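Enquirer: Let me give you the structure first, and then I'll get to my questions.
Here's what the structure looks like:
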């Protein structure tokens with residue numbers, strides 16, 4: 004029986020999201036006026052960071068120093084400090100740098116990873132859902148950034164998530180299958196993944212995607228964990244599955260440019276000599292691969 008993944012870069016939690024406060028205008032106004040409140044400014048998926056002895060950390064500002072822009076309540080910590088995000092121009096702060104989730108999501112502390120992931124997810128959703136899907140009228144932000152409301156027909160719209168399965172395929176010879184998409188540079192390989200279709204269970208989606216992409220039949224489908232992937236709006240659901248017998252991949256060239264079986268020794272050697280680069284620690288794909296391998300591997304690329 005597979006046990007859940009113990010650590011996922013963008014699924015660490017750490018804040019009370021304070022959902023019951025999203026419609027409390029007096030509370031929201033009071034917290035925005037509170038000098039203890041911290042604000043994360045996000046511009047096109049990037050935020051300001053600074054380097055410390057323990058690694059990068061987000062630069063948070065007070066409400067008075069935040070730019071104009073859409074405002075989202077992110078939550079409250081154990082010391083009753085409120086956190087907001089503002090979608091706007093990054094302020095000029097000496098000694099700062101800019102970064103996105105792909106670059107630093109795995110290196111941030113638990114609180115900062117939670118803040119950045121939620122802020123980017125909300126910014127991406129608001130940026131692509133400015134009009135009502137029912138009548139086409141412009142919509143307004145509501146519930147402290149967690150819904151949009153149509154003033155024309157009164158409908159309410161919630162942030163969209165696209166569930167995607169990501170699965171490590173292994174076989175009876177204790178090998179792992181890695182593949183490369185046609186758009187990826189040479190040497191970059193990962194596990195298989197795909198979106199869940201309407202009317203489909205997660206397990207059915209795993210089996211279908213593996214069959215469509217590499218022509219393998221799988222069983223023993225086991226769920227290991229999930230993490231948000233707000234690039235732009237996915238929830239990645241991680242699985243192991245087995246390809247029984249002595250099956251060889253038959254590729255859908257539109258989806259997969261190459262796919263190969265690796266033993267543990269072959270994968271270790273390939274990642275060490277640079278002939279194979281696997282996803283970075285921010286991705287659930289890396290955690291699935293290292294879980295199968297049994298420890299850390301070299302050779303990262305940002306996905």
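Residue numbers (our numbering): 4 to 306. Every residue, glycine too, gets a C-beta built ideally from N, C-alpha and C. These numbers come from a predicted model, not from an experiment.
Please state the DSSP three-state secondary structure of residue 44.
Expert: Residue 44 falls in the strand class under three-state DSSP.
Enquirer: With burial defined as no fewer than 16 other Cβ atoms inside 10 Å of the residue's Cβ, what is the status of residue 159: buried or exposed?
Expert: By the 10 Å Cβ count, residue 159 comes out exposed.
Enquirer: What are the boundary residues of the beta strand (DSSP E) that includes residue 294?
Expert: Element bounds for residue 294: not the beta strand (DSSP E) but the alpha helix (DSSP H), 287–296.
Enquirer: Using a Cβ-Cβ cutoff of less than 8 Å, which residues in the same chain neighbour residue 114 once the five nearest sequence positions on both sides are dropped?
Expert: Around residue 114: 17, 18, 80.
Enquirer: Got a sec, what are the start and stop residues for the beta strand (DSSP E) residue 54 sits in?
Expert: Unbroken beta strand (DSSP E) run through residue 54: 50–55.
Enquirer: Would the beta-carbon of residue 86 fall within 7 Å of that of residue 118?
Expert: Their beta carbons are under 7 Å apart, which means residue 86 touches residue 118 by this criterion.
Enquirer: Taking the Cβ atom as the reference point for each residue, do residue 8 and residue 227 lie within a distance shorter than 7 Å?
Expert: Closer than 7 Å, so yes.
Enquirer: Could you work out which residue in 225, 75, 244, 168 is closest to residue 25 when comparing CA atoms only?
Expert: Comparing Cα positions, the closest option is 75.
Enquirer: For the beta strand (DSSP E) that contains residue 267, what are its first and last residues?
Expert: Note, residue 267: premise wrong, no beta strand (DSSP E); alpha helix (DSSP H) at 267–276.
Enquirer: Just how far apart, CA to CA, sit residue 134 and residue 88?
Expert: When rounded, the distance between both Cα atoms is 22 Å.
Enquirer: Around the Cβ of residue 299, are there at least 16 other Cβ atoms within 10 angstroms (buried) or fewer (exposed)?
Expert: Per the 10 Å Cβ criterion, exposed.
Enquirer: Look up residue 100 in the DSSP assignment and say whether it is helix, strand or coil.
Expert: In the structure shown, residue 100 sits in a strand (DSSP, three-state: E or B).
Enquirer: Give the DSSP bridge partners of residue 3, in chain order.
Expert: The structure shown does not extend to residue 3, since the chain spans only 4 to 306, so no value can be given for it.
Enquirer: Would residue 47 and residue 40 qualify as a contact pair, given that the criterion is a beta-carbon distance under 7 Å?
Expert: No.
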